[in-house]
Amino acid sequence: MTARYYTSTAIYMVIPSEGGHRYRFLCEDTVTPVCTTSVYASPDPFQTALTAWEKEGRQHFELCPRCGKWIAADSYPAHASHCTPPK
Ligand SMILES: [Zn+2]
Numbered sequence: 640m641t642a643r644y645y646t647s648t649a650i651y652m653v654i655p656s657e658g659g660h661r662y663r664f665l666c667e668d669t670v671t672p673v674c675t676t677s678v679y680a681s682p683d684p685f686q687t688a689l690t691a692w693e694k695e696g697r698q699h700f701e702l703c704p705r706c707g708k709w710i711a712a713d714s715y716p717a718h719a720s721h722c723t724p725p726k
């Protein structure tokens, strides 16, 4: 059996904000910001990142089945055509 690991969210930055935290999700290929969420109040900003991802982040990304990176949906077609499968 081959185990395959996908990160559950794209890489992100936590931005302290009044009343909580915002999250800025980045394309894992170009490492550029794709979206910044509204403010989420939570004592655990890393746990809440999953909620922010499901509600506001994920819709802006495609998961590349070849390399397992979260790619900005806008640039995914170009990525997919250039992505080399890992050996
Ligand atoms: Zn890829």
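Numbering (our numbering), first residue to last: 640 to 726.
All C-beta atoms in this analysis are idealised placements derived from N, C-alpha and C, irrespective of residue type, glycine included.
So for Thr-723, helix, strand or coil by DSSP?
coil
Among Glu-667, Gln-698 and Gly-659, whose alpha-carbon lies nearest the alpha-carbon of Pro-682?
Gly-659
By the three-class DSSP mapping on this structure, what secondary structure does Ser-656 have?
strand
Suppose the cutoff is 7 Å on Cβ atoms and the five residues either side in sequence are ignored; what does the same chain contact list for Ile-650 look like?
Leu-665 and Glu-667
Count the other CB atoms, across all protein chains shown, that sit within 10 Å of the CB of Ala-680; report buried if there are 16 or more and exposed otherwise.
exposed
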